[in-house]
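Working notes, beginning with the structure itself.
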Amino acid sequence: MQFILYLIQKNMSFLLFFVLELIALFLTIQLHSYRKSKFINSANEISGGLYNSVTSFRDYLHLREENQLLAEENTKLINYINASTPKKTIFLDSIDSLNQQKYTYTPAKIVNNDFHKSNNFLTIDKGLNDSINVDMAVVNPKGIIGITTNVSNNYVSAISVLNTNFKVNAKLKNADYFGTLSWNGKSTKEVQLKDIPRQAILKVGDTIVTGGRSSIFPAGILIGSVSNITYRNNRYDQINVALFNDVRNVSNVYIIKNLHKIEIDNLEKRRNE
Amino acid sequence: MNSDFFKILGRFLLLIPLQVLIANHLRIFGYINPQICLLFVMWYPLKKDITGLLLSTFLFGILLDSFSNSGGVNTAALLFICYVRLPIIKFIFNDKDLNLKLFKYSNYGTLPKITLILSLAFIHQFIVYVLEYFSVSYIGTILFKTFTNTLFTTFVVVIFLSIFTSTKKQ
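Chains A and B supply the protein sequences, listed in that same order. To convert a position in the first sequence, counted from 1, into my numbering, add 16. To convert a position in the second sequence, counted from 1, into my numbering, add 417.
Dropping the structure here:
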């Protein structure tokens, strides 16, 4: 017993190093296996607050682009309103469950944006106080940006579309063929579309949108256009999709909350039991 | 004793915002970020007990990781650097009876200093990228990024070291 104590005392510094290194490795493995870091993330008051104060300065440099983006979105919305025929007034005698709102949009601002690593995250300045929670979609008018993963009272960190663990259900805009979208960690302008069935007719330039087969992204949110297709054994091997968004340079975003998410999740949980 | 503590605390509080707000946003050629956080370990007095170094570096690393959402990648790499620092310094400066109490980087020539920083930066970057990619199929990318980042980190750290040690000379 005394010998063991002596050994421990002698190798105290190594043991401390070993234990601390183990904790660090545990945190790393936990990041890779759960696709988010539960304990160590930027959705806390210290890092969120520091990023927020720096961003408020930096934003002035991008006001012109942001205004341009808003003007384009406004034009699109005005055109949409004018193009849709005026609806007939229907008198409802009960609450119409078909016309209930399914999604709410919350405007938010990205305060920190990584894109130089293989697992990139965003920090956004809205949190539990703004009824933002985990697993909500982050988009801007040009397309998808990420999914929220960790939340604190005032900040939320989100897994970026430029993260090798990011996966989203996607489809062709003009046909109902579904696939999975992920990122291979190489170019920040391109993501990869997989599992598209071979009967789908696909050309370079086709628009890819979200498929809506999850409770996170609504269907039809823009993603990008097909930039390059490779084949293997007459099947689609890899389809590169050029993102409409320059994710390196986004600032103002919307966080989409699915009001039916709890209902859908409960139903799916019951099915899995 | 106390002045050392405040020096370390000062470096802790200065290097984190410097790394997180400036160095991590440089992105030269899209991916090169100098890791000036190495300086925290390099500047920690050699005469002090390694326990303090390990514990403070652990805190330092965890804080860095929380800013960049990288799990424990920086912590693991920095802790390893802490542990191998003394043997590497002894080896490179070729000083068997190194006087830890009087040790100063300014006592040594430029070439061994650059070799020391190069080797520490290489080990640090290699661990960071291996843990970040976590897959053998990315070995080419890992090595390429490690080499380029090591060169740039060394360049920046040498500049920092030469600026701040020259003023300390008495």
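Where a beta carbon is used, it is the ideal one built from N, C-alpha and C, also for glycine. Keep in mind it's a predicted model, so treat the numbers as computed, not measured.
Top-ranked residue by Cα proximity to residue i, from the options
i              : options                        : result
S230 (chain A) : A:S147, A:H276, A:M17          : A:H276
T164 (chain A) : A:P157, A:D141, A:K158         : A:D141
K564 (chain B) : B:S554, B:V545, B:L578         : Going by the sequence as given, residue 564 (chain B) is Phe instead of Lys. Of the candidates B:S554, B:V545, B:L578, the one whose C-alpha sits nearest the C-alpha of F564 (chain B) is B:V545.
T492 (chain B) : A:F137, A:F33, A:A59, A:V207   : A:F33
L430 (chain B) : B:L456, B:N450, B:F446, B:Y448 : B:L456
W460 (chain B) : B:I540, B:G557, B:I534         : B:I534
S49 (chain A)  : A:G159, A:T91, A:N181, A:I212  : A:N181
I212 (chain A) : A:G143, A:L178, A:A235, A:R251 : A:R251
V458 (chain B) : B:F484, B:A494, B:S579         : B:A494
Y171 (chain A) : A:G65, A:T226, A:I272, A:V269  : A:G65
V70 (chain A)  : A:R214, A:K118, A:V127         : A:V127
F497 (chain B) : B:I556, B:G489, B:H541         : B:H541
L528 (chain B) : B:G488, B:S554, B:I506         : B:I506
I255 (chain A) : A:N249, A:V220, A:I271, A:N288 : A:V220
S536 (chain B) : B:T558, B:F510, B:D482, B:S523 : B:F510
R16 (chain A)  : A:G162, A:V266, A:M152, A:I175 : With chain A running from 17 to 289 in the structure shown, residue 16 (chain A) is simply not present.
Q117 (chain A) : A:N274, A:V35, A:N200, A:R287  : A:N274
K133 (chain A) : B:L515, B:K562, B:N419         : B:K562
R444 (chain B) : A:R80, A:N83, A:D130           : A:D130
F121 (chain A) : A:M152, A:Q18, A:T91           : Correcting the residue identity first, residue 121 (chain A) is Tyr in this sequence and not Phe. The shortest C-alpha separation from Y121 (chain A) is found at A:M152.
F233 (chain A) : A:A191, A:I175, A:V184, A:N149 : A:V184
I272 (chain A) : A:G143, A:K26, A:N135          : A:G143
F539 (chain B) : B:T474, B:N524, B:P451, B:G447 : B:P451
L568 (chain B) : B:K424, B:T532, B:S554         : B:T532
K187 (chain A) : A:V257, A:N200, A:L283, A:G201 : A:V257
N179 (chain A) : B:N486, B:D512, B:F581, B:L515 : B:N486
Y193 (chain A) : A:N166, A:D222, A:K202, A:N249 : A:D222
N249 (chain A) : A:K210, A:S29, A:R214          : A:R214
L36 (chain A)  : B:P504, B:D421, B:L426, B:T468 : B:T468
G228 (chain A) : A:I56, A:I245, A:K189          : A:K189
A40 (chain A)  : B:I479, B:I580, B:L515, B:I425 : B:I479
S203 (chain A) : A:S243, A:E284, A:M28, A:L21   : A:S243
Y119 (chain A) : A:N288, A:I148, A:N98          : A:I148
F477 (chain B) : A:R264, A:N136, A:N98, A:I56   : A:I56
I46 (chain A)  : B:V490, B:G447, B:R502, B:R428 : Note that residue 46 (chain A) is Gln in the sequence shown, not Ile. Q46 (chain A) has its Cα closest to that of B:V490, out of B:V490, B:G447, B:R502, B:R428.
Cβ shell of residue i (< 7 Å), same chain only, five flanking positions each side left out
i              : result
Y247 (chain A) : D253
F508 (chain B) : none
K585 (chain B) : Unreliable positioning characterises K585 (chain B) in this predicted model, as indicated by a pLDDT of 45, which lies under 50. A coordinate reading is not provided.
L31 (chain A)  : I24
F484 (chain B) : V437
L38 (chain A)  : none
G488 (chain B) : D482
Y96 (chain A)  : none
Cut-off 8 Å between Cβ atoms - residues of its own chain near residue i, not counting five sequence neighbours on either side
i              : result
L259 (chain A) : G159, V177, K205, E206, V207, I239, G240
I385 (chain B) : Any property of residue 385 (chain B) remains undetermined from this structure, which presents chain B solely from 418 to 587.
L517 (chain B) : L463, K464
N60 (chain A)  : S168, Y171
V269 (chain A) : P123, A124, K125, I126, I140, V154, V155, N156, I161
I559 (chain B) : F543, Y546, V547, Y550
Y555 (chain B) : none
Own chain residues within Cβ distance below 6 Å of residue i, not counting five before or after
i              : result
L470 (chain B) : Y461, C499
L566 (chain B) : It is worth fixing the name first, because residue 566 (chain B) is Asn in this sequence and not Leu. Answer for N566 (chain B): I449, Q542, listed in chain order.
S290 (chain A) : Nothing can be reported for residue 290 (chain A), as the shown portion of chain A is limited to 17 through 289.
N68 (chain A)  : V127, D141
I280 (chain A) : S231
F520 (chain B) : L463
Residue i - partner residues in DSSP beta bridges
i              : result
V155 (chain A) : A:I160, A:Y270
N244 (chain A) : A:N256
E206 (chain A) : A:A258
V501 (chain B) : V501 (chain B) is not bridged to any residue.
V184 (chain A) : A:L197
K125 (chain A) : A:N268
A174 (chain A) : A:L138, A:T164
Y119 (chain A) : A:N274
V225 (chain A) : A:K187, A:L238
A179 (chain A) : First, the residue type needs correcting, since residue 179 (chain A) is Asn and not Ala in the sequence shown. Beta-bridge pairing links N179 (chain A) to A:N135.
R251 (chain A) : A:R248
I445 (chain B) : B:I449
Residues within the stretch 474-503 of chain B neighbouring chain A, beta-carbon criterion of under 9 Å: T474, F475, G478, I479, L480, D482, S483, F484, S485, N486, S487, G488, G489, V490, N491, T492, A493, A494, L495, L496, F497, C499, Y500
Contact list for the stretch 461-474 of chain B against chain A, Cβ threshold 7 Å: I467, T468, L471
Interface positions of the stretch 550-584 of chain B facing chain A (Cβ-Cβ less than 7 Å), listed along the chain: Y550, F551
Members of the stretch 418-435 of chain B that neighbour chain A once the beta carbon cut-off is set at 8 Å: P434
Chain-ordered residues of the stretch 515-535 of chain B with a beta carbon less than 8 Å from chain A: none
Chain B contacts made by the stretch 243-265 of chain A, where a contact means CB separation under 7 Å: none
Contact set between the stretch 208-241 of chain A and chain B, restricted to residues whose Cβ is under 7 Å from the partner: none
Near-chain B residues of the stretch 31-43 of chain A - C-beta to any C-beta below 8 Å: L32, F33, L36, E37, I39, A40, L41, F42, L43
Segments assigned alpha helix (DSSP H), at least 4 residues, entirely inside the stretch 17-74 of chain A: 18-26, 28-50, 61-74
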